[in-house]
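First the structure, in the form of structure tokens, and then the observations on it.
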Amino acid sequence: MRRKITIVGAGATGATAAHILAARDYADVVLTDIKEGLPQGKALDLNQMGPILGFEPQISGTNSYEETAGSDVVVITAGLPRSPGMSRDDLVTTNEKIVGSVTEQIVAQSPDCIIVILSNPLDAMCHVSKSVSGFPKERVFGQAGVLDTARFRTFIAWETGASVRDVQALVLGGHGDQMVPVVSATTVGGVPLRKLVADDRIAAMVERTAKGGGELVELLGTSAWYAPGAAAAQMVDSIMLDEHRVLPCTAYLEGEYGIDGLYMGVPVKLGAKGIEEIVELELTDDERQALNTSADAVREVVGVLGSGG
Ligand SMILES: NC(=O)c1ccc[n+]([C@@H]2O[C@H](COP(=O)([O-])OP(=O)(O)OC[C@H]3O[C@@H](n4cnc5c(N)ncnc54)[C@H](O)[C@@H]3O)[C@@H](O)[C@H]2O)c1
Numbered sequence: 526m527r528r529k530i531t532i533v534g535a536g537a538t539g540a541t542a543a544h545i546l547a548a549r550d551y552a553d554v555v556l557t558d559i560k561e562g563l564p565q566g567k568a569l570d571l572n573q574m575g576p577i578l579g580f581e582p583q584i585s586g587t588n589s590y591e592e593t594a595g596s597d598v599v600v601i602t603a604g605l606p607r608s609p610g611m612s613r614d615d616l617v618t619t620n621e622k623i624v625g626s627v628t629e630q631i632v633a634q635s636p637d638c639i640i641v642i643l644s645n646p647l648d649a650m651c652h653v654s655k656s657v658s659g660f661p662k663e664r665v666f667g668q669a670g671v672l673d674t675a676r677f678r679t680f681i682a683w684e685t686g687a688s689v690r691d692v693q694a695l696v697l698g699g700h701g702d703q704m705v706p707v708v709s710a711t712t713v714g715g716v717p718l719r720k721l722v723a724d725d726r727i728a729a730m731v732e733r734t735a736k737g738g739g740e741l742v743e744l745l746g747t748s749a750w751y752a753p754g755a756a757a758a759q760m761v762d763s764i765m766l767d768e769h770r771v772l773p774c775t776a777y778l779e780g781e782y783g784i785d786g787l788y789m790g791v792p793v794k795l796g797a798k799g800i801e802e803i804v805e806l807e808l809t810d811d812e813r814q815a816l817n818t819s820a821d822a823v824r825e826v827v828g829v830l831g832s833g834g
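Number 642 in this note's numbering belongs to position 117 of the sequence shown; there are no gaps in the numbering.
Set out below in structure tokens:
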């Protein structure tokens with residue numbers, strides 16, 4: 526029997542993650558959503574891609590949780606996305622209820638699963654899912670950094686004319702406008718970014734990355750889904766295939782980076798057991814200060830949660 530990945534929320538982001546993971550063909554994928562017909566329809570459509578792209582049609586769609594039983598990894602994308610003018614934090618009350626109820630139902634069916642959160646405001650929703658599930662911190666974390674880093678890498682590749690595959694970068698902190706692209710850890714083909722690009726151009730790329738989600742919301746009228754779905758799939762790969770990739774994820778910190786009791790984006794090693802290690806980088810004073818500012822912004826949103834996080 527193949528292993529199982531569940532994706533909650535068969536909307537734009539959830540279906541994109543399902544598409545990418547189905548095409549990998551190492552696990553069955555269950556899509557669940559409250560909208561009747563939507564997960565079933567998307568699953569049917571995705572299955573019919575199998576003969577063309579060459580993967581087994583093992584995707585199911587449901588409005589309940591029975592079929593999710595025994596999942597190894599559950600990706601939660603349920604909730605409202607942003608509309609123009611809205612910050613991620615504006616979604617807090619609505620999505621808190623959704624993520625709380627989804628977590629309860631997931632845990633009842635898959636008590637040993639690993640939960641990957643995408644629903645926004647991401648850092649706060651990780652607190653909700655951890656508290657409702659009662660899972661250890663190694664098994665509840667969020668996707669933001671892979672996406673934010675991919676945005677930064679894209680801008681750097683365009684600026685330098687290098688292949689995006691040779692751009693190494695890292696974005697830390699909360700998944701908000703205060704996120705921290707770590708320029709000191711950014712290289713192109715091993716050469717530090719600061720040696721290749723003028724400071725003002727770097728500052729412009731840092732700014733565009735931090736506001737990258739908003740730029741897409743303005744263009745699309747809702748939040749992005751292709752890169753977010755792919756980012757979630759990359760995290761799921763690292764867990765399901767025990768790859769031990771070091772990826773920036775939203776992890777629960779207990780003293781790392783001088784931050785305690787808060788979900789924040791940091792590099793972690795991801796394997797079959799979830800988070801295996803939080804990697805601590807040496808940051809410049811400016812970067813450390815920016816990380817603390819980002820932590821303050823996350824604390825403010827977490828403070829709004831009904832349970833206080
Ligand atoms: N962390 C990230 O990097 C990132 C990136 C993109 C989107 N997001 C967030 O992910 C969420 C989904 O975004 P989207 O663009 O896919 O939105 P979408 O509207 O396309 O899809 C959301 C889906 O969730 C479903 N849903 C709502 N309540 C539910 C419930 N209780 N149980 C099951 N399903 C439920 C809806 O029916 C809908 O189909 C939003 O909160 C968005 O802000 C996060």
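Beta carbons: idealized from backbone N, C-alpha and C, even for Gly.
Residues sharing a beta bridge with D785, DSSP: Stepping through the sequence shown from its first residue, residue 785 is reached at position 260. DSSP lists E779 as partners of D785.
I559 Cβ short of 8 Å to ligand 1 heavy atom set: Translated into the one-based positions of the sequence shown, residue 559 becomes position 34. The answer is yes for I559.
Residues near V829 by beta carbon distance below 7 Å, same chain, minus five either side: As a working mapping, residue 829 is identified with position 304 in the sequence shown. Excluding sequence neighbours, V829 sits near V617.
Ligand 1 heavy atom lying under 8 Å from the CB of V826: The sequence position of residue 826 within the sequence shown is 301, counting from 1. No, the Cβ of V826 stays beyond 8 Å of every heavy atom of ligand 1.
Residues near V722 by beta carbon distance below 7 Å, same chain, minus five either side: The residue you call residue 722 lines up with position 197 of the sequence shown. Cβ neighbours of V722 beyond the five flanking positions: E684 and T685.
Any non-hydrogen atom of ligand 1 within 8 Å of H544 CB: Taking the first residue of the sequence shown as position 1, residue 544 is located at position 19. No, the Cβ of H544 stays beyond 8 Å of every heavy atom of ligand 1.
Local Cβ density within 10 Å of V716, reported as buried at 16 or more and exposed below that: Numbered from 1 along the sequence shown, position 191 holds the residue referred to as residue 716. The residue is exposed, with fewer than 16 neighbouring Cβ atoms inside 10 Å.
Runs of alpha helix (DSSP H) lying entirely within the region 659 to 746, each at least 4 residues, in chain order: 670 to 685, 718 to 721, 724 to 735 and 737 to 745
C-beta atoms of M650 and G604 nearer than 9 Å: What you label residue 650 is simply residue 125 of the sequence shown in a count that begins at 1. What you label residue 604 is simply residue 79 of the sequence shown in a count that begins at 1. Cβ atoms of M650 and G604: closer than 9 Å.
Residue burial classification, K567 (beta-carbon count within 10 angstroms, cutoff 16): Within the sequence shown, residue 567 is the residue found at index 42, counting from 1. Buried: at least 16 other Cβ atoms inside 10 Å.
Cut-off 8 Å between Cβ atoms - residues of its own chain near T587, not counting five sequence neighbours on either side: Locating residue 587 in the sequence shown gives position 62, counting from the first residue. Around T587: V555, L556, T557, P564, Q565 and T593.
With 16 other Cβ atoms within 10 Å as the buried cut-off, status of M526: In the sequence shown, the residue the question calls residue 526 occupies position 1. Flag for M526 reads exposed.
C638 to F660 span [Cα, whole Å]: Position 113 of the sequence shown holds residue 638. Position 135 of the sequence shown holds residue 660. If I take the Cα positions, the gap works out to 9 Å.
Own chain, CB closer than 8 Å to R613, minus 5 neighbours either side, in chain order: For the purposes of this step, residue 613 is identified with residue 88 of the sequence shown, where counting begins at 1. Taken in chain order, the residues that qualify are R607, N645, P646, L647, H700, G701 and G738.
For D614, the three-state DSSP class (helix, strand or coil): What you label residue 614 is simply residue 89 of the sequence shown in a count that begins at 1. Three-state result, D614: helix.
Where the beta strand (DSSP E) through A535 begins and ends: If you number the sequence shown from 1, residue 535 lands on position 10. Element bounds for A535: n/a, residue is neither H nor E.
CB contact flag (S819, L697, <9 Å): By 1-based counting over the sequence shown, the position of residue 819 is 294. By 1-based counting over the sequence shown, the position of residue 697 is 172. Yes, these two residues count as a Cβ contact at 9 Å.
Among L672, G667 and Y777, the one whose alpha carbon lies nearest that of K736: Looking up residue 736 in the sequence shown gives position 211. Among L672, G667 and Y777, the Cα nearest to that of K736 belongs to L672.
Residues that C774 bridges to, as DSSP identifies them: By one-based count along the sequence shown, residue 774 stands at place 249. BP columns for C774 point to V791.
C-beta atoms of V707 and L695 nearer than 9 Å: To locate residue 707, count along the sequence shown from 1; it is residue 182. To locate residue 695, count along the sequence shown from 1; it is residue 170. In contact: V707 and L695 (Cβ atoms closer than 9 Å).
Cβ-heavy atom distance, N645 to ligand 1, below 8 Å: The count along the sequence shown starts at 1 and reaches residue 645 at position 120. Answer for N645: yes, Cβ within range of ligand 1.
Those residues which DSSP pairs with R528 across a bridge: Here residue 528 refers to the residue found at position 3 of the sequence shown. BP columns for R528 point to A552.
Burial state of E621 (16 or more Cβ within 10 Å): The residue labelled residue 621 in the question sits at position 96 within the sequence shown. E621 should be labelled buried.
Between the CA atoms of G790 and C774 - distance to the nearest angstrom: Here residue 774 is taken as the residue at index 249 of the sequence shown, counted from 1. Here residue 790 is taken as the residue at index 265 of the sequence shown, counted from 1. Answer to the nearest angstrom: the Cα atoms are 5 Å apart.
Environment of R690 [buried if 16+ CB atoms lie within 10 Å]: In the sequence shown, counting from the first residue as 1, residue 690 sits at position 165. Per the 10 Å Cβ criterion, exposed.
Classification of Q814 by the beta-carbon crowding that lies within 10 angstroms, buried from 16 upward: Working through the sequence shown from its first residue, we reach residue 814 at position 289. Result: exposed.
Rounded distance between the beta-carbons of L546 and A552, thought under 8 Å: The count along the sequence shown starts at 1 and reaches residue 552 at position 27. The count along the sequence shown starts at 1 and reaches residue 546 at position 21. Going by Cβ atoms, the distance from A552 to L546 rounds to 7 Å, so yes, they are a contact pair.
Residues that DSSP places opposite T557 in a beta bridge: Counting from 1 along the sequence shown, the entry for residue 557 is found at position 32. For T557, which the question treats as bridged, DSSP gives the partners V533 and T587.
Helix, strand or coil at V804 according to DSSP, with G and I counted as helix: To locate residue 804, count along the sequence shown from 1; it is residue 279. If DSSP states are grouped into helix, strand and coil, V804 belongs with coil.
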